[in-house]
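End of the sequence shown sits at 324 in UniProt numbering; the numbers just go up one at a time, nothing left out.
Yeah, the Cβ is synthetic: ideal placement off N, Cα and C, and Gly gets one too.
First comes the structure, then the notes that go with it.
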Amino acid sequence: MNENIGESNFSEKEKLKHILERNAAIKILRKDRKKDKFAHEPLSPRKKFFLMSFAAVLMANGTHFFKYPNHFVIGGVEGASILLSNSLPLSPAFITLVLNLSLLVLAYFILGKNFVIKTGYVSILNSLTALLLSKIMPHTTPFTDNKLLELFCAVLIPALGSSILFNLSASSGGTDIIAMIINKYTNLNIGKSLLIGDSILTLMSIKMFGAEIGLLSCLGLLMKGLVVNQFIASFNTAKLFLIITSKQEEISVFIRDKLNRSATVIDGTGLYYKKDQSVFLCVTNDYEAALFRKYIREIDPRCFITVLDTSSIIGKGFYSTDLH
Numbered sequence: 001m002n003e004n005i006g007e008s009n010f011s012e013k014e015k016l017k018h019i020l021e022r023n024a025a026i027k028i029l030r031k032d033r034k035k036d037k038f039a040h041e042p043l044s045p046r047k048k049f050f051l052m053s054f055a056a057v058l059m060a061n062g063t064h065f066f067k068y069p070n071h072f073v074i075g076g077v078e079g080a081s082i083l084l085s086n087s088l089p090l091s092p093a094f095i096t097l098v099l100n101l102s103l104l105v106l107a108y109f110i111l112g113k114n115f116v117i118k119t120g121y122v123s124i125l126n127s128l129t130a131l132l133l134s135k136i137m138p139h140t141t142p143f144t145d146n147k148l149l150e151l152f153c154a155v156l157i158p159a160l161g162s163s164i165l166f167n168l169s170a171s172s173g174g175t176d177i178i179a180m181i182i183n184k185y186t187n188l189n190i191g192k193s194l195l196i197g198d199s200i201l202t203l204m205s206i207k208m209f210g211a212e213i214g215l216l217s218c219l220g221l222l223m224k225g226l227v228v229n230q231f232i233a234s235f236n237t238a239k240l241f242l243i244i245t246s247k248q249e250e251i252s253v254f255i256r257d258k259l260n261r262s263a264t265v266i267d268g269t270g271l272y273y274k275k276d277q278s279v280f281l282c283v284t285n286d287y288e289a290a291l292f293r294k295y296i297r298e299i300d301p302r303c304f305i306t307v308l309d310t311s312s313i314i315g316k317g318f319y320s321t322d323l324h
């Protein structure tokens, strides 16, 4: 009798401990959830200005320390500047500034004042930073003899800056302006215009700087698109849950009250047993996903769960629907 009472008390203690641990986890989750929510609300003008400035400076550093010394022509205005500087007694940074200012003037008359205001700040800051670095920290030789390592840095650093700008619906100007002008007057889309222009510049580097640099530049051009896409996807990740369960009410309460989320519930029927089931579609962030998965398995061990990695979730509680 006493042994049974002891076992019962032990069981109650374990159950209480489990509840307390889960409540503690939910409190931590709520804090992270709050931070995550604010992170995806529309940015204040001050924060957006800071991020745009950071991205422009970051891109300029990658260009100055890695692209220019190695003569990597990975498309863009910087690539054109490297080619021109080989024939003119001017630095690539100065040529980049002149080209960007010229393109902004052209854009003002063709694409309008609003575009120039939005793009001009990043474009000019990027160019001026690279020019300033060339004066106070001149760097004309590569850091290492490893060309692949230099190429990796030449692609990675500016790609991170480009990804930040993309997430802010901003642009660094340059050849983007040419592509948008071509798009305005022809049926050629912006992506194809950029690819054609960048490819021509990169192929020209083979003749000007030799096969090794030219082929590395071609590799860099391919890497740039992949790396930018990967960065953008990593900024906007979330988990999509597809849950088939008979415990609709319990899971609904947890999603609504504990996660402070919502979901879409669809009535479903099993193909084999013809049983009625509830199908949940619910998107969570990475913080919530582990706890959500654990809870579902506890209350319905027979449920069927599919978890997908997703990106570019647009909607309330995730990413702003204002992309302009």
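Check	Outcome
Distance between Ser199 and Cys218 (C-alpha atoms, nearest Å)	8 Å
Residues that DSSP places opposite Asp309 in a beta bridge	Lys239
DSSP state of His40 mapped onto helix, strand, coil	Bear in mind that a pLDDT of 45 at His40, under 50, signals an unreliable position, so the number given afterwards is only what the model happens to contain. Note: His40 maps to helix in three-state DSSP.
Status (buried if at least 16 other CB within 10 Å, exposed otherwise) for Gly270	exposed
As assigned by DSSP and simplified to three states, the class of Ser171	coil
Residues sharing a beta bridge with Ile244, DSSP	Val279 and Phe304
Local conformation of Lys74 per DSSP, three classes	Note on residue identity: the sequence assigns Ile, not Lys, to residue 74. Reduced to three states, the DSSP call for Ile74 is coil.
Coarse secondary structure for Gly225, derived from DSSP in three states	helix
Endpoints, alpha helix (DSSP H) assigned at Ile296	Asp286 to Ile299
Beta-carbon proximity list for Ala159, same chain, < 7 Å, skipping 5 on both sides	Lys224, Val227, Val228 and Phe231
As assigned by DSSP and simplified to three states, the class of Asp176	helix
Distance between beta carbons of Leu240 and Leu308, contact taken as under 8 Å	4 Å
Nearest-angstrom Cα separation, counted from Leu168 out to His40	Low local confidence applies: a pLDDT of 45 at His40 is under 50, so the model's placement there is unreliable, with the coordinate-based value given in what follows. Cα-Cα distance, rounded: 12 Å.
Beta-carbon contacts of Thr310 that lie in its chain and below 8 Å, excluding the five residues immediately before and after	Thr237, Ala238, Lys239, Leu240 and Val283
Segment limits, beta strand (DSSP E) that includes Thr264	Thr264 to Thr269
Residue span of the alpha helix (DSSP H) that contains Met137, given as start and end	From DSSP, Met137 is part of no alpha helix (DSSP H); its letter is neither H nor E.
Sub-9 Å separation of Leu188 and Gly75 beta-carbons	no
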